[in-house]
Amino acid sequence: PSTSTPADLPALLRLPLEIRRLIYAHLLPPPCSPPVKGPHPRQLQNHVQLSQPIPPNLLRVNHQIRAEALPVLYGCPSQIVYMKIDYNVWSHKTRRSDLILTSALTSCIKHIHLSIHLGSEKRNNRPVGVETFARLQEVKKGIKKVGKWLAGADIQSMQISWQEPPQTFTWDQKREVLDGLKVMRAANAVPGEINWGLDWNKGRRFRFEVEYLKELQRDGTDG
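According to the UniProt record's numbering, the sequence shown is numbered sequentially starting from 1.
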């Protein structure tokens, strides 16, 4: 069979790889606020969101350009992949997706923002007893799914946001949930928006210990 010569290649593929990567990066629009809705992988509870929309036509040109562009489009410092992990079992079942994102894509992700949602009720309506246990278990399952989905990714930054009703989950319970994030092996773990109910909460039983997030990093220290 005949082989392609440089003259037969599209003009883009005749450029040096370093130049092509710069071109791929420049095709990304500026970061959006709020982030834009992305795909809903079957492996996750919800849609992911992206700080920068991915130009789909670029990924359809040919296999070589797709393979070269994915690490740039999904792994550049300005591209943050947002994921929500919540306790609502019913919504997870009704939102199930057939979309499978391959490891060729997920391994390119480097910067993530995880939003962990355990409820937002007022203190008088907060969950108690079995309901609190059920919420914790569902969120732990969601974190486990994200960890499997991102297996093989070299996570450089992981921002963690947290929402829960006041005086509901003890610090030990929170820590059990957070410990599931160690599997991400992020180089750097930082707090996002942390809402554990009442900033003036008495004592330390329900407090969210932000400093503990350093323990989730791959070396257990400041990144």
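C-beta atoms are modelled at their ideal positions from N, C-alpha and C, and glycine is treated no differently.
All of these numbers come straight from a predicted model, not from anything done at the bench.
Considering only the beta carbon of each residue, do residue i and residue j sit closer than 8 Å?
| i | j | result |
| --- | --- | --- |
| residue 23 | residue 51 | no |
| residue 182 | residue 154 | no |
| residue 133 | residue 169 | no |
| residue 43 | residue 148 | yes |
| residue 104 | residue 72 | no |
| residue 192 | residue 217 | no |
| residue 56 | residue 29 | no |
| residue 108 | residue 70 | yes |
| residue 61 | residue 49 | no |
| residue 39 | residue 114 | no |
| residue 123 | residue 167 | yes |
With DSSP as the reference, label residue i as helix, strand or coil.
| i | result |
| --- | --- |
| residue 9 | coil |
| residue 180 | helix |
| residue 107 | coil |
| residue 186 | strand |
| residue 160 | strand |
| residue 58 | helix |
| residue 49 | strand |
| residue 114 | strand |
| residue 1 | Confidence at residue 1 is low in this model, with a pLDDT of 48, below 50, so its placement is unreliable and the value that follows should be read with caution. DSSP places residue 1 in coil when its eight states are reduced to three. |
| residue 167 | coil |
| residue 227 | Here the chain covers residues 1 to 223 and nothing more, so residue 227 does not appear. |
| residue 122 | coil |
| residue 175 | helix |
Can you have a look at residue i and say buried or exposed, based on whether 16 or more other CB atoms are within 10 angstroms of its CB?
| i | result |
| --- | --- |
| residue 125 | exposed |
| residue 64 | exposed |
| residue 34 | exposed |
| residue 219 | exposed |
| residue 67 | exposed |
| residue 46 | buried |
| residue 135 | buried |
| residue 11 | exposed |
| residue 112 | buried |
| residue 77 | exposed |
| residue 151 | exposed |
| residue 197 | buried |
What residue range is occupied by the uninterrupted beta strand (DSSP E) comprising residue i?
| i | result |
| --- | --- |
| residue 191 | 189-195 |
| residue 85 | 81-86 |
Alpha helix (DSSP H) containing residue i: first to last residue?
| i | result |
| --- | --- |
| residue 130 | 130-149 |
| residue 72 | 63-75 |
| residue 18 | 17-26 |
Is it true that the segment 105-118 meets the segment 175-192, where meeting means three or more beta-carbon pairs spaced less than 8 Å apart?
yes
Check whether the segment 67-87 touches the segment 140-152, taking contact to mean three or more Cβ pairs, one atom from each stretch, closer than 8 Å.
yes
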